[in-house]
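Notes to accompany the following structure.
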Amino acid sequence: MIAFSHYDAALLARALWMTVVLSVAGGLAGLAGGTALACLRMARGRLFAPLRFLAAGYVQVVRRVPFIVTLYIVFFLTGMAGLDVSEVTVAIWAIGLIAAGYIAEIVHGGLRSVPADQIEAAVTLNLPLLARWRHVIVPQALPVIVPPTVGYLVLFIKDTALASQVGVLELNQAGVILSNRGLPTMQVFLAVLGLYFALSYPLTRLSRMLEKRLALS
Amino acid sequence: MPYLDLRGVTVRQDTHEILRDVGLQVGRGEIVSLIGPSGSGKSTLLRTLIGLQPVVSGSLTLDGVAIDMTAASAPRALRARAAIVFQQFGLFDHMSVLRNLTLAPTVVAGRPRAEVEEAARHRLRMLGLADKAEIRPSRLSGGQKQRVAIARALMTQPDLLLLDEPTSALDPRLVSEVTALLRDLARAGMTIIQVSHGMESVAALSDRIVLLEDGRVRAVGAGARAAAEPSIAAFMNAHR
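Residue numbers (full-length UniProt numbering), protein chains in the order written: chain H, 1 to 217; chain S, 1 to 240.
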């Protein structure tokens with residue numbers, strides 16, 4: 001067992017915080033973008049047809065591209081566009097773009113799981129559009145949407161390790177730095193493993209709790 | 001002047017006409033049964049009357065108020081006066097029976113929740129469902145779901161009640177219960193239009209029977225001898 005120096009521990013803590021920031025900010029961006037994309041795909045009428053097509057196309061493309069490719073594309077595009085943004089911002093945008101594609105698919109599936117007769121019943125009761133969503137569609141779609149979304153976000157925490165490729169100091173990169181500095185590689189990465197687990201396990205528990213609660217409500 | 005006067009309704013899906021120039025005149029408090037073979041347009045006509053089915057042409061006068069069926073405002077105008085009970089009930093399984101009944105009056109009409117709940121509990125008591133108020137519809141039997149669906153429809157205080165196969169999910173004892181309930185409602189002035197395959201209840205219940213075939217009204221029988229109209233009698237005898 002090795003003892004980390006204060007400096008090493010501070011480095012790990014900073015990297016842990018960055019992993020949290022990437023996961024939370026990227027996840028929130030993905031949730032917002034994914035929900036918007038799913039709603040666009042559900043929009044009726046000819047007027048929305050181009051938007052429906054674009055949203056569906058985006059989801060199909062993004063889900064087939066490795067995260068690292070998206071990360072590089074965002075990195076180089078922001079550079080080409082002359083945008084003065086930090087590597088962290090680039091990583092968050094890339095995570096958000098990818099997460100939006102996956103979450104859009106989950107949300108879309110959840111919304112489509114609400115039986116058509118429920119929606120028609122709400123329509124014939126003259127419930128306005130927002131009331132239909134609030135009282136009928138969302139409460140029935142949430143139990144279908146939440147567990148896989150949280151599960152996906154847990155998986156995504158691990159993918160934030162790739163942000164090191166554009167120079168972001170996250171947990172994996174901190175492990176590499178400490179290892180290069182001469183600390184025993186196995187122990188360093190066991191510590192990194194423990195921190196990833198500590199981050200993702202509560203989310204897994206939260207997912208199960210929400211699943212039960214939503215099933216009961 | 002009839003309470004409901006529907007004229008020239010045509011409904012098209014792609015190039016196929018599901019309803020062709022359909023007309024229907026119904027007096028207040030009448031019970032009308034739509035019968036006909038599968039695909040004849042019965043359910044489409046019911047859905048048209050609640051604004052779920054876009055129409056190519058057609059006009060409706062409901063209680064003296066003219067409604068252009070092709071206008072964007074038609075569905076809302078129809079739903080302000082009519083309510084429908086679907087064959088599969090369409091009850092919201094994620095909320096209690098009571099909330100199913102109170103949702104529209106509180107959210108759409110903005111009536112006070114306590115007052116609406118009292119009215120809903122009264123309605124449930126009348127239908128023998130007083131002890132089911134707090135449970136989920138998924139735990140009810142077919143007959144109970146049917147009655148809850150009718151109770152929910154009545155909570156919006158419609159004067160036109162549309163029912164799609166109201167007795168198909170019920171055993172014979174419950175059929176007579178629902179039939180009696182519909183008669184009471186009609187006696188109180190509610191106009192009822194039902195789609196039914198149950199020829200016994202059609203014969204027993206209807207003031208007017210409309211036979212649809214291939215999207216057109218083939219025959220209308222009215223009054224005590226509604227079921228004796230030759231085409232209607234032939235269809236009913238063949239489908240008993």
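For every residue, glycine included, the Cβ atom is placed at its ideal position computed from N, Cα and C. Only a predicted model underlies this, so the values are computations on that prediction, with no experimental measurement involved.
field: Alpha carbon of LEU185(S) to alpha carbon of THR10(S), nearest angstrom
entry: 30 Å
query: Beta carbon of residue 226(H), beta carbon of VAL192(H): below 8 Å?
result: Absent from the model: residue 226(H). The displayed extent of chain H is 1 to 217, so no value can be given.
- request: Run the CB neighbour count on SER86(H), radius 10 Å, all protein chains shown included, and call it buried at 16 or more, exposed below.
  value: exposed
message: Could you check whether VAL97(S) and ILE150(S) sit closer than 8 Å to each other, using their CB atoms as the reference points?
response: no
message: Taking beta-carbon pairs under 7 Å, can you tell me which members of the region 87 to 98 of chain S lie near chain H?
response: GLN88, GLY90, PHE92, HIS94
- prompt: Is it a yes or a no for the region 82 to 102 of chain H touching the region 14 to 31 of chain S, going by three-plus beta-carbon pairs under 8 Å?
  reply: no
- prompt: Does any residue of chain H bring its CB to less than 8 Å from the CB of LEU103(S)?
  reply: yes
- request: Could you pull the start and end residues of the alpha helix (DSSP H) that ASP184(S) belongs to?
  value: 172 to 187
query: Is DSSP giving ARG152(S) helix, strand or coil here?
result: helix
query: Sorted by chain position, which residues of the same chain lie with C-beta nearer than 8 Å to GLN165(H)'s C-beta, five sequence neighbours on each side aside?
result: ILE68, LEU71, TYR72
- prompt: Which whole-angstrom value is the C-beta distance of HIS135(H) and LEU127(H), which I expect to be below 8 Å?
  reply: 7 Å
message: So PRO139(H) contacts chain S; which residues on that side make the cut at Cβ distance below 8 Å?
response: HIS94, MET95
query: So is ARG125(S) buried or exposed if we call it buried at 16+ other beta carbons inside 10 Å?
result: exposed
- request: Give the straight-line distance between the Cα atoms of ASP21(S) and LEU45(S), rounded to the nearest whole angstrom.
  value: 11 Å
field: Residues that ALA80(S) contacts on chain H, provided the C-beta gap is smaller than 9 Å
entry: ASN126
query: Helix, strand or coil: how does DSSP classify residue 220(H) here?
result: Missing from the structure shown is residue 220(H); chain H here goes from 1 to 217 and no further.
task: May I ask you to report which of helix, strand or coil DSSP gives ALA43(H)?
output: coil
query: Do TYR3(S) and ASP63(S) have their C-beta atoms within less than 8 Å of each other?
result: yes
message: Please identify the residue among ILE106(H), GLU105(H), LEU97(H), VAL138(H) whose C-alpha is closest to the C-alpha of VAL114(H).
response: VAL138(H)
- prompt: Closer than 8 Å, Cβ to any Cβ of chain S: which residues of the region 43 to 68 of chain H, in chain order?
  reply: none
Assigned secondary structure, SER43(S) (DSSP; H/G/I helix, E/B strand, else coil): helix
message: For a quick check, are the C-beta atoms of GLY34(H) and ALA104(H) less than 8 Å apart?
response: yes
query: So, is the C-beta of ASP159(H) closer than 8 Å to a C-beta in chain S?
result: no
Limits of the beta strand (DSSP E) - the one that ARG181(H) falls within: From DSSP, ARG181(H) is part of no beta strand (DSSP E); its letter is neither H nor E.
query: In chain H, what lies closer than 8 Å to ALA50(S) by C-beta?
result: First, the amino acid is wrong: residue 50(S) is Ile here, not Ala. Neighbours of ILE50(S) on chain H, chain order: THR124.
- request: Let me know the secondary structure DSSP gives THR167(S) once reduced to three states.
  value: coil
- prompt: To which residues of the same chain is ALA25(H) closer than 7 Å at the C-beta, ignoring the five residues directly before and after it?
  reply: ILE92
task: Have a look at LEU6(S) and VAL178(S) and give me their C-alpha separation to the nearest angstrom.
output: 27 Å
Three-state class that DSSP yields for THR61(S) in the structure shown: strand
- prompt: Roughly how far, in whole angstroms, is the beta-carbon of LEU101(S) from the beta-carbon of MET155(S), given that I think they are within contact range, below 8 Å?
  reply: 5 Å
message: Buried or exposed, going by whether 16 or more other CB atoms sit within 10 Å of the CB of LEU127(S)?
response: buried
- request: Just the chain H side, please: which residues come within less than 9 Å of ILE209(S) by C-beta, in chain order?
  value: In chain order: nothing, as chain H lies at least about 25 Å away.
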